[in-house]
Amino acid sequence: MTIFNFYLFDRNGTLLYYHEWNRRKQSKMPQLEEAKLLYGMLFSLKSFVAKISQLDSKNTGLSFKTSKYRLNFYETASGLKFVLNTDLYVTNGKELLQEIYEKIYVEYVMKNPMCNLGEPIGSQLFTAKLDEFVRLSSAFTSKIT
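In terms of the working numbering, the sequence shown opens at residue 13 and continues consecutively.
What follows is the structure in structure tokens.
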């Protein structure tokens, strides 16, 4: 199992944070353009799911997979959107994202007076804690198969 990369967006689609670990293929477009495309896809998927769902629920997460990767998505009540791209064998992506929100984001961004909410995250402590958390998770391995 492996984790490729992580995105964090605010409720308006602004990229607040990006980190990658075992990304196999680099995009030829700038990171910000790639993030905008990803956010647009998430927005469309959420809208599509809401329209075809028979239940009127406020599902905060979703996951979909292709033949190469799995995209895991978690949205908080405040509209923060956490995205984790993994290989196909990671099945607990939503739970990982909830933990990242509760244990890393809340502790090292929301409670940090030096971090301005709604602005890109530049905290080295947040980066270090996120990296440590991901590397210690059962979903992470440094080998790319």
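C-beta: ideal position from N, C-alpha, C; glycine also.
Query, Result
"Other residues of its chain near Gly25: CB distance less than 6 Å, five sequence neighbours each side excluded", "Tyr51"
"Inter-residue Cα distance where the pair is Asp22 and Thr98", "21 Å"
"Cβ pair Ile133, Val121 closer than 7 Å", "yes"
"Pair within 7 Å by beta-carbon distance, Ile64 and Phe152", "no"
"Backbone secondary structure at Arg147 - three-state DSSP", "helix"
"Proximity test, Cβ basis, 7 Å: Leu108 and chain D", "Any reference to chain D falls outside this structure, which holds one protein chain only."
"Simplified DSSP state of Ile64, which is helix, strand or coil", "helix"
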